[in-house]
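In what follows, a single structure is set out as structure tokens and then discussed.
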Amino acid sequence: MSDTALVSSIPHAPAATNGSAKTPHRGSIQSVDRALSLLEALAEAGGEASLTDLSRRTCLNVSTCHHLLSTLVNWGYVAKVPGRRSYALGARVLYLGHACLRQVDLPRRAQAHIDRINEVTGESVHLAVLQSDSIVTLVKREARHAVRVDTGMLGRSDAPHATASGKAMIAWLPEDQIRRMVPPNAMKRFTDKTIVDFDALIEELRHVRRNGVAMDREEFQPGVICVGSAIRDHGGAVVGAISASAPAMRVTEEHLALMRQEVIAAANALSADLGEPGSLKPLAANVS
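Residue numbers for the sequence shown follow the working numbering, so the first one is 342 and each next one is one higher.
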């Protein structure tokens with residue numbers, strides 16, 4: 342069995358039944374349920390439907406449908422069809438679909454780059470993505486050396502401030518989103534080197550933006566050094582990060598420079614593959 346592991350956590354929507362509204366889940370918000378039922382009704386109708394048809398399909402009254410559709414039109418998820426009294430799925434739905442497909446496809450696109458980093462450096466390699474306010478590790482490739490590090494499990498991480506891949510991604514987010522992901526008064530300490538002061542973290546992220554690479558200097562696990570760089574899509578938005586981890590005992594300045602070079606090159610190539618030409622260059626060994 343390959344030592345490359347993948348995890349897929351994309352939920353499937355429950356099947357809809359024409360002519361009947363879905364039963365809301367406990368704790369759900371009624372207006373959100375209704376708006377989503379309208380989007381699914383539009384999809385079931387082939388992407389376009391009249392107001393009365395949508396009312397029939399969702400079992401909602403016409404007035405309620407009209408108000409909800411107006412909001413969805415304002416957000417771009419629904420569009421009015423010119424010359425016809427009907428509604429269609431909007432371009433924003435396509436954006437979400439492309440974002441989902443891009444994320445699903447990223448592990449396949451990244452495989453050759455993961456293999457190269459693993460082969461050239463001999464170290465453990467990870468691929469992580471940004472899902473809303475969470476960092477999720479999708480791929481983990483073990484080191485080739487007999488002495489290797491245990492770099493954790495696949496899935497969601499509670500350490501975006503302590504890992505190289507986490508810092509590589511959150512460095513480019515608005516500060517209010519960083520605060521949601523890393524509450525300033527509840528920053529978890531993993532080692533005695535973990536940054537637990539929010540202002541210090543913001544300064545660290547400034548260096549990440551300047552250098553184009555993030556460092557984990559035994560901040561998540563004692564004795565483990567990690568290098569990470571962000572992956573961007575066609576619009577310049579950060580969608581993921583690729584990183585390499587090694588035992589501190591093996592990380593000479595020359596080896597660290599090689600890890601940086603390979604990680605940045607892989608992130609640039611993946612970004613270019615997603616439509617954003619990479620502009621960062623491999624850095625010297627003495628990045629601050």
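The C-beta atom is built at its ideal place from N, Cα and C for all residues, glycine as well.
Residues near residue i in its chain [Cβ-Cβ closer than 6 Å; skip 5 each side]
i: S570; result: A509, V554, V604, I605 and A608
i: D557; result: T504, A505 and C567
i: R497; result: S475 and V477
i: P563; result: T532
i: A587; result: E464 and I566
i: G388; result: A429 and L430
i: V592; result: I566
Cβ neighbours of residue i in the same chain (closer than 7 Å, five flanking residues each side left out)
i: E560; result: A503, F531, T532, K534, T535 and I536
i: E617; result: R573, D574, H575 and G577
i: A384; result: L430
i: L471; result: M510, V579, V580 and G581
i: S396; result: N402, V403 and C406
i: D499; result: K529
i: F463; result: Looking at the sequence itself, residue 463 is Gly, so the reference to Phe does not match. The answer, listed in chain order, is A484, R485 and H486.
DSSP-derived helix/strand/coil call for residue i
i: A362; result: Any reading at A362 must be qualified, since the residue scores a pLDDT of 49, below 50, and its modelled position is unreliable; the value itself is stated next. Coil, per DSSP.
i: H486; result: coil
i: S378; result: helix
i: D540; result: helix
i: Q371; result: helix
i: Q562; result: coil
i: V480; result: strand
i: A500; result: coil
i: D446; result: helix
i: V434; result: helix
i: D474; result: coil
i: V461; result: helix
i: V549; result: helix
i: P352; result: Only weak support exists for where P352 lies, its pLDDT of 37 falling under 50; the coordinates are left without a value.
Beta-carbon gap between residue i and residue j smaller than 8 Å
i: A451; j: L615; result: no
i: A390; j: A382; result: yes
i: L447; j: G581; result: yes
i: A512; j: R485; result: no
i: P501; j: M528; result: no
i: I476; j: A585; result: no
Close Cβ partners of residue i (< 8 Å) along its chain, the five nearest in sequence each way excluded
i: I455; result: T345, V466, L468, V480, R482, I583 and A607
i: I543; result: E516 and I519
i: A420; result: V414, Y428, A429, L430, G431 and A432
i: T412; result: A376
i: H310; result: The displayed coordinates of the chain run from 342 to 629. Any statement about residue 310 would go beyond what the structure contains.
i: D474; result: Q518, R521 and M522
i: S369; result: none
i: E545; result: K508 and I536
i: E460; result: R485
Cβ separation of residue i and residue j, assumed to be a contact under 8 Å, to the nearest whole Å
i: T399; j: S372; result: Going by Cβ atoms, the distance from T399 to S372 rounds to 13 Å, so no, they are not a contact pair.
i: A589; j: V565; result: 7 Å
i: V403; j: Y418; result: Not really, about 19 Å apart at Cβ, beyond 8 Å.
i: D394; j: A386; result: 6 Å
* **4 or more residues per run - each alpha helix (DSSP H) lying fully within the segment 570-616** => 594-614
* Going along the chain, which unbroken runs of the alpha helix (DSSP H) with 4 or more residues stay wholly within the segment 503-537? -> 505-511 and 516-522
* To do: Any chance you could list the beta strand (DSSP E) runs of at least 3 consecutive residues sitting entirely within the segment 383-430, in chain order?
  => Within the segment 383-430, the complete beta strand (DSSP E) segments of 3 residues or longer fall at 389-391, 419-421 and 427-430, listed in chain order.
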